[in-house]
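As they're listed, the protein sequences go chains A and B.
According to my numbering, the first sequence is numbered sequentially starting from 5.
According to my numbering, the second sequence is numbered sequentially starting from 513.
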Amino acid sequence: EAAVTQSPRNKVAVTGGKVTLSCNQTNNHNNMYWYRQDTGHGLRLIHYSYGAGSTEKGDIPDGYKASRPSQENFSLILELATPSQTSVYFCASGDASNQAPLFGEGTRLSVL
Amino acid sequence: QQQVRQSPQSLTVWEGETAILNCSYENSAFDYFPWYQQFPGEGPALLISILSVSDKKEDGRFTIFFNKREKKLSLHIADSQPGDSATYFCAASFPGGSNAKLTFGKGTKLSVKS
Numbered sequence: 005e006a007a008v009t010q011s012p013r014n015k016v017a018v019t020g021g022k023v024t025l026s027c028n029q030t031n032n033h034n035n036m037y038w039y040r041q042d043t044g045h046g047l048r049l050i051h052y053s054y055g056a057g058s059t060e061k062g063d064i065p066d067g068y069k070a071s072r073p074s075q076e077n078f079s080l081i082l083e084l085a086t087p088s089q090t091s092v093y094f095c096a097s098g099d100a101s102n103q104a105p106l107f108g109e110g111t112r113l114s115v116l
Numbered sequence: 513q514q515q516v517r518q519s520p521q522s523l524t525v526w527e528g529e530t531a532i533l534n535c536s537y538e539n540s541a542f543d544y545f546p547w548y549q550q551f552p553g554e555g556p557a558l559l560i561s562i563l564s565v566s567d568k569k570e571d572g573r574f575t576i577f578f579n580k581r582e583k584k585l586s587l588h589i590a591d592s593q594p595g596d597s598a599t600y601f602c603a604a605s606f607p608g609g610s611n612a613k614l615t616f617g618k619g620t621k622l623s624v625k626s
């Protein structure tokens with residue numbers, strides 16, 4: 005069964021600290037995405053990747069880095085977390101045969 | 513610049529009624545429009561989608577109506593059920609399956625009362 009798994013599901017971080025959000029997919033999809041969801045803004049694309057070793061900037065990349073070390077794994081990195089990055093983060097995967105990406109269950113991040 | 517707009521922000525209907533959720537877009541190059549359904553505490557899940565070459569897509573109680581000339585589409589949920597209460601997102605992407613980045617609207621929160 006197609007799956008996108010995010011960890012952790014909940015995270016509390018301190019301002020200025022480093023945060024890494026992880027995503028694993030078992031769908032053998034080439035493309036992976038990181039979105040954040042905030043009330044009143046819907047889902048906004050942060051970074052995405054076309055395959056292992058590639059990362060691209062999305063619409064709101066400032067303050068975030070991404071890493072795609074393998075086909076299955078895609079990480080979102082906040083080097084210096086700020087309270088404005090408090091949000092729910094969603095990872096998704098997709099490929100050319102499936103234009104509608106499959107989403108994970110989300111990571112709720114609070115930066116205090 | 514918001515490229516995909518949804519209305520209304522929230523909608524309440526009675527069980528059995530048809531709920532109509534609206535979406536409009538600005539970029540005429542968009543050609544693929546999925547609708548996602550999201551329940552609290554879960555990730556968005558694909559509900560139904562349409563390509564711009566079609567003007568209608570049905571899947572059970574869910575129907576998309578698409579008007580390319582006006583750059584508008586709508587999701588109709590017939591015989592609404594309390595279990596349909598969720599937030600619905602309209603999204604759009606450009607041609608080219610390998611570059612299927614979605615642009616999302618802000619969502620419509622649907623409540624179905626029994």
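For each residue, glycine too, the CB sits at the ideal point set by N, CA and C.
Minimum Cβ-Cβ distance from residue i to chain B less than 8 angstroms
i, result
"A:Y52", "yes"
"A:G108", "yes"
Beta carbon proximity, residue i to chain A, threshold 8 angstroms
i, result
"B:L614", "yes"
"B:S566", "no"
"B:P520", "no"
"B:L558", "yes"
Listed by chain order, chain B residues near residue i by CB distance under 8 angstroms
i, result
"A:H45", "K618"
"A:F94", "G555 and P556"
Residues that residue i bridges to, as DSSP identifies them
i, result
"A:V23", "A:L82"
"A:Q41", "A:L47 and A:V92"
"A:A6", "Answer is none; A:A6 lacks a bridge partner."
"A:N28", "A:T9 and A:N77"
"B:Q515", "DSSP, once it has assigned bridges, lists no residue as partnering B:Q515."
Residue i vs residue j beta-carbon contact at 8 angstroms
i, j, result
"A:G21", "A:A85", "yes"
"B:T599", "B:T620", "yes"
"B:G528", "B:S586", "no"
"B:A604", "B:F545", "yes"
"A:A17", "A:V23", "yes"
"A:D63", "A:R40", "no"
"A:Y2", "A:Y68", "Beyond the ends of chain A as shown, which are 5 and 116, falls residue 2 of chain A; an answer cannot be given."
"A:G110", "A:V92", "yes"
"A:N14", "A:R112", "yes"
"B:K625", "B:T524", "yes"
"B:Q549", "B:A557", "yes"
"B:D596", "B:S564", "no"
"A:S79", "A:S11", "no"
"B:F601", "B:W547", "yes"
"A:P65", "A:I81", "no"
"B:K618", "B:Q515", "no"
"B:D567", "B:I560", "no"
"A:Y54", "A:N35", "yes"
"A:H45", "A:S97", "no"
Listed by chain order, chain B residues near residue i by CB distance under 7 angstroms
i, result
"A:L49", "K613"
Amino acids of chain A, ordered along the chain, whose beta-carbon sits closer than 9 angstroms to that of residue i
i, result
"B:F601", "G46 and L47"
Neighbour flag for residue i against chain C, beta carbons, 8 angstroms
i, result
"A:V16", "The displayed structure is made up of protein chains A and B, and chain C is not among them."
In the region 547–587 of chain B, which residue ranges form an unbroken beta strand (DSSP E) of at least 3 residues, counting only runs that do not cross its ends?
-> 557–563, 568–571 and 574–579
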